[in-house]
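Structure, as structure tokens:
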Amino acid sequence: MTSTGIRLNAPAPGWAIDADVVVVGSGVAGLTAALRCTAGGLRTVVVTKALLDDGSTRWAQGGIAAALGEGDTPGQHLDDTLVAGAGLCDEEAVRTLVTEGPDAVRRLIATGARFDTTAAGDIALTREGGHHRRRIAHAGGDATGAEISRALVTAIRDGAVRVIEHALVLDLLTDDQGRTAGITLHVMGEGQHDGVGAVHAPAVVLATGGMGQVFSATTNPPVSTGDGVALALRAGAEVSDLEFVQFHPTVLWLGPDSEGQQPLVSEAVRGEGAHLVDASGTRFMVGQHELAELAPRDIVAKGIMRRMQEQGADHMLLDARHFGAEMWENRFPTILAACRAHGIDPVTEPIPVAPAAHYASGGVRTDLHGRTTVPGLYACGEVACTGVHGANRLASNSLLEGLVFAERIARTVAETHAAGPVRPAGPDGRPAAAAAVPAEGGSRGPVPLLVPEARREIQRIMTNGAGVLRSAASLDEAADALEALHLSALHDAEEFDKAAEPGVESWEATNLLLVARVLVAAAHERTETRGCHWREDHPGRDDAGWRRHLVVRLTPDRRLVVRRTPSEAFPPVRPTSIPTPTADREPQP
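Just so you know, we're using our numbering here: the sequence shown kicks off at 1461 and counts up by one.
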């Protein structure tokens, strides 16, 4: 049995519905999975934390990478991805991505997504960092995510897929054999469902996005609080590579005290010829990498941080004045509007930029079919760790990963979870057989909740101790501070008048604390610099000792157990009771 027995402190479900599969999240991964599951005849429910079109996908500017152009091949795309991943990509997973990617994009177009085209009617393609060819399809100039989200949301609504909006997922339900049996969730506001409820289903797909809100400054929306990773850990699933957080090199710098979601300046701006310069106008990336400003993101972020350190500056500049007004207005209208809204006109002046938290390359560990180590629990998109990204995601591979692996999950769910009756719920909202299983050990049960104000403290701790620059000393300090928050919550839970009240803000803060602890534990363990993990006290890459993955799980007594894999290959994921589809094989150990 995989379940830890640990859950969030929340009221018992007051309502319940049945389904064959519940998809949590409404970005490209979640909506694609939901559409394909529905097309396969499965009763599908989509649960989303805000509105249906309010996830991270809509904020994606640059585009979606695929070998669609003349002369480009999946093999070339694979090579660029492996280089960016700094020796930790799972090659079979990458091969799956780049081989199935072009047709997946064409199916997305058939669903209704409209990409920018050339005068000849072909898909217009651009370049981004780490790519040796123009293979980035974009829409609306720099509004690719918004267009993809529009098309998928329209298809979901036209297909009459059941959707529950404004719903925060709480915990996984399991039966007495440790198999997935649904989720509990809290619906915010009045409607058909309100308060805490349950969706009973033998298959749950996590597509909850990232955890950028664990840092003070991020490109992620406010809803990105690591809920899916935290749920999976409490359910007994394994997570991997969480130390590899990609900091986007060029985020609009709004001042030293800016917090929360920051405007992104897409890598496509550099792909079209913008230059990174310091205050004197010197292009400091020239000579650091063969691709200069178009080097992989970790290299560019490090280059910016080094120059900032050398000059005692808090930002660098992105100069694209040579584009002219027409190009800015037609190719990058979203970025142009964001800059002007903050008093900066990129047509006449360089843009102040600095790195900010952008993407989690690690997440809930899955196989090539999206299966986690908990039977019936799947994950895709940013919440998952498929092995595609390794130590550093190649630009614009994220939308493609969500698309390809969501389709694979839908096929697997259709093959392995036949529609059938769901067992009636017990008094706690769990299926009756599961409700009869007693909690084991006094340490199990509800997690002590953090007060909502702890969210900002977690962000401060993580930014100072586990940001772009890390060291043993900074990570020790962060670990101690996070442990102090955890112990304080435990103490307050014993004092009735001090305990945090169950609610969305407390649940989010509690989820952030758990993912922060995992990230810091893994970053402390990895004593090297690789990809987007930069240790100042271990500046070199150590392939002999560290071309390995770190796998983390949460024990029933709430300890984090970190183990290093014996090689760069991902251990196979073989959840019990779930047969392997015959169409594909699992990655070999």
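Don't be surprised by glycine CBs; every beta carbon is placed ideally from N, CA and C.
- Restricting attention to ALA1692, ASP1550 and LYS1509, the CA atom closest to the CA of PHE2030 is found in ASP1550.
- Exclusion of the five residues before and after ALA1798 leaves PRO1723 as the residues of its chain whose Cβ lies within less than 6 Å of its Cβ.
- In terms of Cβ geometry, ALA1510 and VAL1656 do not form a close pair [threshold 9 Å].
- When secondary structure is reduced to three states using DSSP, GLY1545 falls in the coil class, being assigned neither helix nor strand.
- Scanning the stretch 1506-1580 for uninterrupted alpha helix (DSSP H) segments of 4 residues or longer gives 1534-1544 and 1551-1571, listed from N- to C-terminal end.
- Counting the other CB atoms within 10 Å of its CB gives PRO1815 a total of 16 or more, which places it among the buried residues.
- DSSP, read as helix, strand or coil, puts LEU1724 in strand.
- Looking at the DSSP output, HIS1708 sits in a beta bridge with ALA1816.
- If only uninterrupted alpha helix (DSSP H) runs of at least 4 residues are considered, those enclosed by the stretch 1954-2036 are 1964-1985 and 2003-2006.
- If you check the CB distance, LEU2010 and GLU1703 come in under 9 Å.
- In the DSSP assignment, the residues bridged to SER1700 are GLY1823 and VAL2011.
- A Cβ-Cβ contact shorter than 9 Å links GLU1917 with ALA1941.
- Distances from the alpha-carbon of ALA1677 to those of MET1765, GLU1719, ALA1944 and LEU1557 put GLU1719 closest.
- Straight-line measurement puts the Cα of VAL1848 at about 8 Å from the Cα of LEU1557.
- Put simply, of ARG2024, SER1934 and VAL1907 the residue whose alpha carbon is nearest the alpha carbon of ARG1920 is SER1934.
- Three or more beta-carbon pairs drawn from the stretch 1700-1715 and the stretch 1794-1814 are found closer than 8 Å, and the two stretches are therefore classed as touching.
- Across the set GLY1515, GLY1485, ARG1639 and ARG1518, the C-alpha of ARG1639 shows the shortest separation from the C-alpha of LEU1837.
- About 6 Å separates the Cβ atoms of HIS1592 and ASP1540, confirming a contact at the 8 Å cut-off.
- Counting only residues of its own chain and dropping the five nearest sequence neighbours on each side, ALA1959 has a CB closer than 6 Å to the CB of ASP1952 and ALA1953.
- Here VAL1737 carries a strand assignment [DSSP, helix/strand/coil].
- Between ASP1827 and ARG1868, the alpha-carbon positions lie close to 10 Å from each other.
- Here HIS1818 is buried: its Cβ has 16 or more other Cβ atoms, across all protein chains shown, within 10 Å.
- Distance from LEU1612 to ALA1627 at the Cβ level is roughly 18 Å; contact not present, criterion being Cβ atoms closer than 8 Å.
- Put simply, the stretch 1857-1866 does not touch the stretch 1721-1739. Fewer than three CB pairs are less than 8 Å apart.
- Looking at the backbone, the Cα of VAL1488 and that of THR1833 are separated by about 23 Å.
- Inter-segment contact for the stretch 1784-1797 and the stretch 1987-2002 is absent: fewer than three beta-carbon pairs are separated by less than 8 Å.
- In the structure shown, MET1922 falls within a helical segment according to DSSP collapsed to helix, strand and coil.
- In this structure, the alpha-carbon of GLY1672 lies about 11 Å from that of VAL1975.
- HIS1660 is bridged by DSSP to ASP1478 and GLY1642.
- Judged by DSSP in its simplified three-state form, THR1832 adopts coil rather than helix or strand.
- Beta-bridge annotation (DSSP): ALA1493 is not paired with any residue.
- Secondary structure at ILE1759: helix, using DSSP grouped into helix, strand and coil.
- Remark: C-beta atoms of ALA1695 and VAL1729 do not approach each other more closely than 9 Å.
- Annotation for THR1679: no beta strand (DSSP E) segment contains it, and DSSP assigns it neither H nor E.
- If you draw a 10 Å sphere on the C-beta of ARG1766, you find fewer than 16 other C-beta atoms in it, and that means exposed.
- Judged by DSSP secondary structure, VAL1807 falls outside any beta strand (DSSP E); it is assigned neither H nor E.
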